[in-house]
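Inspection log for the structure reproduced underneath, given as structure tokens.
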Ligand SMILES: Cc1cc2nc3c(=O)[nH]c(=O)nc-3n(C[C@H](O)[C@H](O)[C@H](O)COP(=O)(O)OP(=O)(O)OC[C@H]3O[C@@H](n4cnc5c(N)ncnc54)[C@H](O)[C@@H]3O)c2cc1C
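Residue numbers (the numbering used here): 103 to 501.
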């Protein structure tokens, strides 16, 4: 691979068979597959000064491996995605656990038998657990709507407790909502896990890349025919002529007939011509302490207090054994397209989907132009899901 930090200088790209915008999972996997399976010469254009997209990690000044865009834990039941990535990394066994901090009491999330015993007195907890097992069976995840749909006051009490203490305030902070605006259909899906399993995920494959995500990306992109141009914005490379029913793309001043795979924000690429799509953004505040650990596990959610949604302590996840630790507080906020601000989460609604579809229609009017990824498709993907989708897209293009 050639990785070139263009420092804003526009590279000449018209001689490449394919131009991929974005060096996150979506773009990097497609680029690798086009180069490896079809021998294509691929240019990746990335506006940041590093590869890896939001999964990028790096060592901070204290030597702690931190995730620069929020904590990323790999978990999947998809053997193809897992085996694919396993070509580029060994894995560190890591089973993620999340605790909710209820005014200083830590309870496992998802809310489970152990959580019940933390928040109700011993007799009540015993009878609630027996009731859950008798009505729903053991080792089951039951959405709180199912508890509410019974006429049993004990089950209602559990559902209300979970809603008010684990879900409501966290969701309000995450999405900037009032209690009344919290979507009842999402609420309904909040689970109670009738189990002693404190893990956040129960997937077959779970872990962290042994040498970090950035190293995984370096290996993934280290292939003949792939050149990565960092610090270049696609909007400076791709020029559109929308005067016809078929939109044309120009690169280096000439019409480009090769393949374009776009993984960035679709509204921004087209100069927000139909108006901006709404997103949530995040602010991260890091603190380093001269102690082994700061909190009891990798992630603690603040579900009844504080302005931040959660605190991540990276050394739990990365397996680093140090006498120093770095934590990260995560604040959710509206995306306002300010310089340096990143759109993290699409805000899914029928109205926003219809808005997105206008851009999709425009993109579909360009030959050999493919949209993929959390921004380009305006939806949420976990890492395994986007790897899987990128492999499917590569199948489609290569075939
Ligand atoms: C806070 C947070 C935590 C997460 N935690 C997990 C987790 O624990 N487990 C999990 O499986 N998934 C997690 N995810 C999801 C994961 O981040 C995504 O699956 C993944 O990032 C999707 O990859 P992508 O390539 O679509 O997008 P990205 O990683 O965002 O990559 C897109 C790339 O395109 C570049 N780009 C955009 N516009 C342009 C442009 N105009 N010109 C040039 N380059 C451009 C961007 O700079 C970026 O590098 C998390 C997401 C967030 C936000």
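Note that CB positions come from ideal geometry on N, CA and C, so glycine has one too.
7 angstroms CB neighbourhood of residue i in its chain, flanking five on each side removed
i: residue 178; result: 184, 305, 307 and 486
i: residue 180; result: 486 and 490
i: residue 358; result: 116, 351 and 352
i: residue 268; result: 202, 211, 213 and 405
i: residue 309; result: 176, 193, 194, 195 and 196
i: residue 242; result: 296
i: residue 424; result: 165, 166 and 417
Proximity of residue i and residue j at Cβ, strictly below 9 angstroms
i: residue 244; j: residue 209; result: no
i: residue 404; j: residue 203; result: yes
i: residue 493; j: residue 186; result: yes
i: residue 164; j: residue 339; result: no
i: residue 327; j: residue 420; result: no
i: residue 477; j: residue 365; result: yes
i: residue 316; j: residue 247; result: no
i: residue 368; j: residue 126; result: no
i: residue 458; j: residue 445; result: no
i: residue 224; j: residue 475; result: no
i: residue 303; j: residue 169; result: no
i: residue 448; j: residue 472; result: no
i: residue 153; j: residue 495; result: no
Close-in-space but distant-in-sequence residues of the same chain around residue i (CB under 6 angstroms, 5 per side omitted)
i: residue 387; result: 431
i: residue 414; result: 173, 401 and 430
i: residue 120; result: 136, 142, 144, 360 and 361
i: residue 343; result: 350
i: residue 460; result: 376
i: residue 320; result: none
i: residue 105; result: 330
i: residue 162; result: 168 and 428
i: residue 157; result: 174 and 315
One or two residues paired with residue i in a DSSP bridge
i: residue 308; result: 177
i: residue 430; result: 388 and 414
i: residue 361; result: 120
i: residue 146; result: 122 and 330
Distance cut-off 8 angstroms: residue i Cβ against heavy atoms of ligand 1
i: residue 474; result: yes
i: residue 301; result: no
i: residue 191; result: no
i: residue 126; result: yes
i: residue 372; result: no
i: residue 502; result: With the chain covering 103 to 501 only, the question about residue 502 has no answer from this structure.
i: residue 477; result: yes
i: residue 162; result: no
i: residue 365; result: yes
i: residue 490; result: no
i: residue 184; result: no
i: residue 173; result: yes
i: residue 155; result: yes
i: residue 314; result: no
i: residue 400; result: no
i: residue 176; result: yes
Nearest neighbour of residue i, chosen from the options [CA to CA]
i: residue 322; options: 417, 117, 130 and 151; result: 130
i: residue 231; options: 474, 257 and 354; result: 257
i: residue 410; options: 271, 167, 189 and 237; result: 271
i: residue 255; options: 269, 420 and 234; result: 234
i: residue 381; options: 276, 460 and 492; result: 276
i: residue 249; options: 241, 240 and 262; result: 262
i: residue 363; options: 436, 408, 499 and 167; result: 499
i: residue 408; options: 335, 301 and 433; result: 433
i: residue 376; options: 448, 391 and 454; result: 454
i: residue 239; options: 428, 473 and 215; result: 215
i: residue 394; options: 428, 412 and 371; result: 428
i: residue 341; options: 312, 319, 373 and 311; result: 373
i: residue 190; options: 155, 318 and 274; result: 318
Own chain partners of residue i with C-beta closer than 8 angstroms, once the 5 adjacent residues on each side are dropped
i: residue 333; result: 107, 108, 109, 110, 148, 149, 150 and 151
i: residue 134; result: 322, 323, 325 and 328
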